[in-house]
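Residue numbers (full-length UniProt numbering): 1 to 164. Glycine is no exception: its CB is placed at the ideal position from the N, C-alpha and C atoms. Step one of this worksheet: look at the structure below.
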């Protein structure tokens, strides 16, 4: 399949659709954990809509040219959050699930390190190659297109480029 290009308007509309799916499910959660960097905007918007606290967990597995080369997954040892401890049930969010490794390993970390046993996952894009199926998603891809998100352009420029 050809690459997929997403505008800012489409990106925000997809996050809103994700929020509606979660809301319509009737599942109540007390905390959102978003995976940085891709899940930051998703988590930010969802925490505002659902009025639930947000914690951030940094996980990275892509690098190289244009951040399109998958490498070894690295997960931060700590969460960034205001609350003294994570609440359960917990919604774990990211922008997409590609291989499924990141969602799988971060779910295990949240269970083992923080004792969270009631976790559901939410992403905008779910690819068939994933080893896990997210609880909530907006778009499903039976193949593995590269999804160009609107903020990716900032990885290719510097502040000096903004002046020209």
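Three-state secondary structure assigned by DSSP to residue 138
Three-state result, residue 138: coil.
Would you list, in sequence order, the uninterrupted alpha helix (DSSP H) runs of no fewer than 4 residues that lie entirely inside the UniProt domain "Phosphoribosyltransferase" (7 to 154)?
Runs found: 8 to 25, 40 to 50, 101 to 114.
For residue 19, which of 35, 47, 30 has the nearest alpha-carbon?
Its Cα nearest to that of residue 19, the residue 47 stands out among 35, 47, 30.
Just the C-alpha distance for residue 3 and residue 56, rounded to the nearest angstrom, thanks.
Between the alpha carbons of residue 3 and residue 56 lies a gap of roughly 28 Å.
For residue 163, the first and last residue of its enclosing alpha helix (DSSP H):
For residue 163, the enclosing alpha helix (DSSP H) stretches over residues 159 to 163.
Are the CB atoms of residue 33 and residue 15 nearer to each other than 7 Å?
The Cβ-Cβ distance between residue 33 and residue 15 does not fall below 7 Å.
Rounded to whole angstroms, what is the Cα-Cα separation between residue 26 and residue 85?
Going by the C-alpha atoms only, they are around 24 Å apart.
Taking the beta carbon of residue 28 as the centre, do at least 16 other beta carbons fall within 10 Å, making it buried, or is it exposed?
Exposed.
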